[in-house]
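**Student:** Chains as they are written, first to last, in our numbering: chain P, 1 to 118; chain E, 1001 to 1118.
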DNA sequence: TCCTTAGTTCAAAAGTTATTGAACAATTGG
DNA sequence: CCAATTGTTCAATAACTTTTGAACTAAGGA
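1. Going by DSSP in three states, residue 1074 of chain E sits in which element: helix, strand or coil?
2. Taking 9 angstroms as the CB-CB cut-off, is residue 1065 of chain E touching chain P?
3. Taking C-beta pairs closer than 7 angstroms, name the residues in chain P that residue 1089 of chain E reaches, listed in chain order.
4. Going along the chain, which residues of its own chain have a beta-carbon closer than 6 angstroms to the beta-carbon of residue 1040 of chain E, five neighbours each way excluded?
5. Under 8 angstroms: does the beta carbon of residue 65 of chain P sit that close to some heavy atom of the ligand ATP?
6. Alpha carbon to alpha carbon, what distance is there between residue 88 of chain P and residue 1105 of chain E?
7. Under 9 angstroms, CB to CB, which of the residues in the region 1005-1016 of chain E have a partner in chain P?
8. Can you give the beta carbon distance from residue 96 of chain P to residue 20 of chain P, rounded, assuming they're within the 8 angstroms contact cut?
9. Exposed or buried, what is residue 1085 of chain E when buried is set at 16 or more other beta-carbons lying within 10 Å of its beta-carbon?
10. Starting from residue 15 of chain P and walking both ways along the alpha helix (DSSP H), at which residues does that stretch end?
11. Exposed or buried, which one is residue 1013 of chain E when buried takes at least 16 other CB atoms within 10 Å?
12. Hey, out of E/1090, E/1034, E/1047, whose CA is closest to residue 102 of chain P's CA?
13. Which residue comes first and which comes last in the alpha helix (DSSP H) that contains residue 1096 of chain E?
14. I need the straight-line Cα distance from residue 115 of chain P to residue 1025 of chain E, nearest angstrom please.
15. What three-state label does DSSP hand residue 106 of chain P in the structure shown?
16. Can you list, in chain order, the residues of its chain with a C-beta nearer than 6 angstroms to that of residue 1028 of chain E? Leave out the 5 residues immediately preceding and following it.
17. Quick one: what does DSSP say residue 1007 of chain E is sitting in, helix, strand or coil?
18. So which residues on chain P does residue 1018 of chain E lean against when the C-beta distance must stay under 9 angstroms?
19. Look at residue 74 of chain P and residue 58 of chain P and say whether their C-beta atoms are less than 9 angstroms apart.
20. Taking only the alpha-carbon atoms, compute the straight-line gap between residue 93 of chain P and residue 80 of chain P and give it to the nearest angstrom.
21. What is the DSSP secondary structure of residue 40 of chain P, reduced to helix, strand or coil?
22. The alpha helix (DSSP H) spanning residue 58 of chain P covers which residue range?
23. If we define contact as Cβ-Cβ less than 9 angstroms, is residue 1084 of chain E a contact residue for chain P?
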């Protein structure tokens, strides 16, 4: 049940930049980076957008090669493709995440939510 | 005759990423970086797009704070806002330019042209 | 002054991306 | 099996972005 992902060398710079150029998706990536290593499921991001819209944005991130999505039961476990991105575009993800970390204008994940660490 | 530019602190990360997410604009930025220090005029980029369309893309770059545009006579001298971008988003421009440098899929500036160094 | 060069503006058309709601599928727990 | 949970798909619409051509401005040279 593996969803379609580009291989590392299929990842395109303009597509990655365009995909990260959306505030909702940038907020998702920032949150994924802040929990690096921990695979998160879609519901974590429900305060950013509707379920349907989230599905759309998470598909964009996956198709661009920014995230990896594993289907486990009815859940999707989402992780950052850090090694592939670092190999392909050294330093890019780090600088984007560092810059996003400072950004008060970006939507926040886990502010209206019950924030229970599972 | 100074055209409107955002101040350094008005430069927004998602807007910069979205603006760089267009292949034509990324090619412009790559070329500007390759000639860093040398202000270029719009005509340098005529093999990327029509005059009208270039005007549009160069305005996007300027409004996002990626480039600075000086009006000199009937020309516009365009430079990268490297210091402002570096201050605001350390490492970002460098990693984008390095990644773009390798990218064979991006359109090229100065391939069909008469390439006379003025 | 007239012509050319360099670039902008405007409105329309074309294309693309984002958002929505309703309906669907698949897994899991009771 | 039934119901709930988790997420997807589809079609429609809304909202933007890109591209175009024609008309324009502003400066500079003959």
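The beta-carbon is built from N, C-alpha and C at its ideal position, and this holds for glycine as well. Just so you know, these numbers come straight off a predicted model, no measurement behind them.
**Tutor:** Checking against the coordinates, here is how it stands:
1. coil
2. no
3. Under the 7 angstroms cutoff, chain P gives 95, 99.
4. Non-local C-beta neighbours of residue 1040 of chain E in its own chain, meaning closer than 6 angstroms and more than five positions away in sequence, comprise 1078, ordered along the chain.
5. The ligand content of the structure shown is nil, which means the ligand ATP is not present either.
6. Near 14 angstroms, if we compare the C-alpha coordinates of residue 88 of chain P and residue 1105 of chain E.
7. 1012, 1013, 1014, 1015, 1016
8. Indeed they touch by this definition, with Cβ atoms about 6 angstroms apart.
9. buried
10. 13-20
11. Taking all protein chains shown into account, residue 1013 of chain E has 16 or more neighbouring C-beta atoms within 10 Å of its C-beta and is therefore buried.
12. E/1090
13. 1092-1101
14. Residue confidence for residue 115 of chain P is low, a pLDDT of 49 falling below 50, so the modelled location carries little weight and cannot support an answer.
15. coil
16. 1045
17. coil
18. 17, 18, 20, 21, 22
19. no
20. 10 angstroms
21. strand
22. 51-64
23. no
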